[in-house]
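>
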Amino acid sequence: MVGSNVELSCMHTTEEDFDLNQLYVYWQISVSGTPTTVTYLSENSTVGHGNNQYKDRAQMSLDRMKLGDFSLLLYNITPQDEQDFNCLVIRNFEKIVNTVVTLHVAANYSMPVVSVPPSTPQDEELTFTCTSKDGYPEPKVYWINKTDNSLLDEALQNSTVSLNPRGLYDVVSVLRIRRVPNMNVGCCIENVLLHQNLTVSSQTALASEANASVTEHNTNDTLKNAAHTPPENSRTGLTVLIILGVAAVAVAVMFLWLKGRCPRWNYAGAQASRPELEQTDHV
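Heads up: the sequence shown begins at 1 in UniProt numbering, then just goes up one per residue.
(1) Do you know offhand how far residue 181's Cα is from residue 112's?
(2) Could you pull the start and end residues of the alpha helix (DSSP H) that residue 81 belongs to?
(3) Would the stretch 132-140 count as touching the stretch 85-93 if we require 3 or more Cβ pairs under 8 Å?
(4) Using 8 Å for Cβ pairs, my map puts residue 184 next to residue 75. What's the rounded Cβ distance?
(5) With a 10 Å radius around its C-beta and 16 neighbouring C-beta atoms as the bar for buried, classify residue 192 as buried or exposed.
(6) Only counting the same chain, and skipping five residues up and downstream in sequence, which positions put a Cβ closer than 7 Å to that of residue 104?
(7) Rounded to whole angstroms, what's the CA-CA distance from residue 179 to residue 152? Just pull it up for me.
(8) So for residue 157, helix, strand or coil by DSSP?
(9) Please state if the CB of residue 95 and the CB of residue 18 are separated by a distance shorter than 8 Å.
(10) Given 8 Å as the limit, is there contact between the stretch 109-124 and the stretch 36-52, that is, 3 or more CB pairs closer than that?
(11) Assuming the contact rule is C-beta atoms closer than 8 Å, residue 128 and residue 175 should be a hit. Round their C-beta distance to whole Å, please.
(12) Who are the near neighbours of residue 101 in its chain, counting only those whose CB is closer than 6 Å to its CB and skipping five residues on each side?
(13) So, under 8 Å CB-CB, residue 11 and residue 69 are touching, yes? Tell me the CB distance rounded to an integer number of Å.
(14) What does residue 196 pair with, by DSSP beta-bridge criteria?
(15) Between the C-alpha atoms of residue 52 and residue 150, what's the straight-line distance to the nearest angstrom?
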C-alpha cells in the first residue's frame with residue numbers, strides 16, 4: 001500500500017552461517033532497461049546505495065544476512081516502486097542466490113461522488129458526473145442502472161483518468177442518459193488489484209418536481225381565494241354583530257309576550273296600610 005513499508009524476501013536456506021567478508025549482495029532494479037543498484041553489501045561488510053531515491057528508504061540487516069536472510073526492507077512505498085527487484089548474492093565469483101521479487105503497489109480510491117447539474121422537466125437528457133481520487137492502479141469505471149443492477153452501455157459514458165502530483169490516479173466519468181421518471185443510477189469505481197468496488201448511487205427526484213409543480217399551483221389557488229375572502233378579524237366581528245342582533249330581537253319578543261300576559265298594576269300613591277287580598281275561588 002502506498003505510504004506503507006514492505007519487506008522483499010530473499011533467502012538462502014541451505015546454509016546457516018555466512019562470512020559477510022566473502023559476500024557481495026546486490027538489490028537491483030531496471031531503469032530504462034539498464035540494471036541499477038538499489039542497495040548493496042560489499043566484501044568489507046559495507047552497505048551502500050546506488051540510487052538516491054532509495055538512500056533513506058532501503059535497508060538490509062547485517063545480522064540477518066549472516067544467517068542467510070538477505071531480504072530488503074523498503075520504507076514509504078510510492079507508485080514508482082512497482083517493478084521487479086532482483087536479489088543477487090555472489091560468493092567467490094559464484095552466484096549463490098539469484099531471485100526476482102515483483103512488487104505490486106496499490107492505493108485506495110476515495111469514495112465516489114456523483115453530482116447532477118440543475119435541469120428542468122423539459123430536458124430530455126440528464127448528465128451525471130462521478131469523481132474519485134488518489135487511487136492506484138488505474139481504475140475501471142462502471143455505471144449501473146440501480147433499478148435492476150444492470151450495466152449501462154459504455155457508449156453513454158466518457159471517463160478521464162489522470163495522474164496527480166502524488167503519482168496517484170484521479171478519475172472523472174460523465175454519463176449522459178435519456179431522462180426517465182424516477183431514474184436511479186450508480187457509479188462504481190473498481191480497484192482490480194485490491195478486489196475493491198466503491199459504488200454510490202444518485203436518484204433524480206422527477207416525481208418531486210411534479211409534486212413541487214402541483215404544490216405551487218395549489219398555493220396560487222389559495223392566494224386567489226384569499227383575495228376574495230374577508231380577513232379573519234372581519235369575519236369574527238361580523239359573527240359577534242349577528243349574535244348580538246339575534247339576542248336583541250329575542251329580548252324584544254319576550255318583552256312583548258310578557259306585557260300581554262301580566263296584569264297591570266296601577267300606582268295609587270302612598271297608603272297607611274296595605275289592604276289584605278280577598279281570597280276567592282276565582283283567579
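The beta-carbon is built from N, C-alpha and C at its ideal position, and this holds for glycine as well.
Please read these numbers as outputs of a predicted model, since none were measured by experiment.
On the basis of the data shown:
(1) 24 Å
(2) Unbroken run through residue 81: none, as it is neither H nor E.
(3) no
(4) So it is not a contact: roughly 45 Å between Cβ atoms.
(5) exposed
(6) 82, 193
(7) 14 Å
(8) strand
(9) no
(10) no
(11) 4 Å
(12) 8, 85
(13) 6 Å
(14) 191
(15) 50 Å
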